[in-house]
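Residue numbers (the numbering used here), protein chains in the order written: chain A, 5 to 116; chain B, 5 to 116. By construction, the Cβ of each residue, glycine as well, lies at the ideal position given by its N, Cα and C atoms. A short write-up of the structure that comes next.
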DNA sequence: GCCATGCGCAACCTCCTGGTTGCACAGTTG
DNA sequence: CAACTGTGCAACCAGGAGGTTGCGCATGGC
């Protein structure tokens, strides 16, 4: 796991229920603090902070200090890459399906 | 890792460079076997098999036995849920995307 | 000035993930 | 049949992810 593609990092950041819930809350409720996010969650505030650091490391959220509070906000621009990946994946699969000759024996795929 | 939200499971499956490469290759080249996938990868065939099992557990790929070979193919329907999630997140009208996760594949915002 | 909140850091623990090696078994092919 | 290739299974290991607790420090309200 030497080089981590940026897209994989974003997917990894989203690949956890707690982080997914955090992102969902930030997407709906705007910028929130770690303590606010920890209310209603079933884990500690520290765990939320760690998850927020993972999300920030992936570039999915930004943190801004406002006096005593630190507000975390979603970065929707960071969602473009994974969306493009998923779109391209579906499109590539469609192309691969098209390549299967329509009149030959409809075998599943190319021989390995 | 049994009771995750379905979307988080898919994201987790995509959150690793090796699995991402596997999915990419399956998306372009159609169905391939574990041994074929291990050629060109920097890890063992067994590691590839484990990754394929993770992907299959997330419903992203299916396996089909053809004689001696086992061919893994992408399941593009499984991409609908994460795509809908990302779209909803970016748009802000998240709310109804993945409140509950029933057994069936969450489709509904797929076909363009 | 004092107290209550909220944040940050650090130590610590448990468990799963990612990876390897080794070997046995199943089909293919000559 | 015999050799070769592809799969499957199991044991095993290192490391990191996820989580907790505890405490010290800053900040805002009274």
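Nearest-angstrom Cα separation, counted from residue j out to residue i
| i | j | result |
| --- | --- | --- |
| residue 30 of chain A | residue 36 of chain B | 39 Å |
| residue 1 of chain A | residue 78 of chain B | Because chain A spans 5 through 116 in this model, residue 1 of chain A falls outside it and cannot be assessed. |
| residue 53 of chain B | residue 90 of chain A | 23 Å |
| residue 45 of chain B | residue 22 of chain A | 32 Å |
| residue 63 of chain B | residue 33 of chain B | 19 Å |
| residue 71 of chain A | residue 20 of chain A | 30 Å |
| residue 58 of chain A | residue 47 of chain A | 16 Å |
| residue 94 of chain A | residue 94 of chain B | 19 Å |
Other residues of its chain near residue i: CB distance less than 6 Å, five sequence neighbours each side excluded
| i | result |
| --- | --- |
| residue 75 of chain B | 35, 37 and 68 |
| residue 98 of chain B | Its pLDDT being 41, under 50, residue 98 of chain B is placed unreliably in this model, and the coordinates cannot settle the point. |
| residue 51 of chain A | none |
Any chain B beta carbon closer than 8 Å to residue i
| i | result |
| --- | --- |
| residue 11 of chain A | yes |
| residue 44 of chain A | no |
| residue 94 of chain A | yes |
| residue 90 of chain A | yes |
| residue 33 of chain A | no |
| residue 83 of chain A | yes |
Contact set for residue i: own chain, Cβ-Cβ below 7 Å, skip 5 residues either direction
| i | result |
| --- | --- |
| residue 18 of chain A | 24 and 27 |
| residue 49 of chain A | 38, 39 and 42 |
| residue 83 of chain B | none |
| residue 73 of chain B | 37 |
Neighbour flag for residue i against chain A, beta carbons, 8 Å
| i | result |
| --- | --- |
| residue 55 of chain B | no |
| residue 59 of chain B | no |
| residue 87 of chain B | yes |
| residue 110 of chain B | With a pLDDT of 36 at residue 110 of chain B, under the threshold of 50, the modelled position of that residue is not reliable, and the figure given next carries that caveat. No, because no Cβ of chain A sits closer than 8 Å to the Cβ of residue 110 of chain B. |
Cut-off 8 Å between Cβ atoms - residues of its own chain near residue i, not counting five sequence neighbours on either side
| i | result |
| --- | --- |
| residue 60 of chain B | 66, 67 and 76 |
| residue 56 of chain B | 26, 38, 41, 65, 67 and 76 |
| residue 86 of chain A | 11, 14, 15 and 18 |
Self-check item: Those runs of the beta strand (DSSP E) which lie wholly inside the region 40–73 of chain A and span at least 3 residues
Solution: 65–70
Quiz item: Which residues, taken in chain order from the region 63–74 of chain B, show a beta carbon closer than 8 Å to some beta carbon of chain A?
Solution: 68, 70 and 73
Exercise. Closer than 7 Å, Cβ to Cβ, to anything on chain B: give me those residues from the region 16–28 of chain A, in chain order.
Key: 16, 18, 19, 20, 21, 24, 27 and 28
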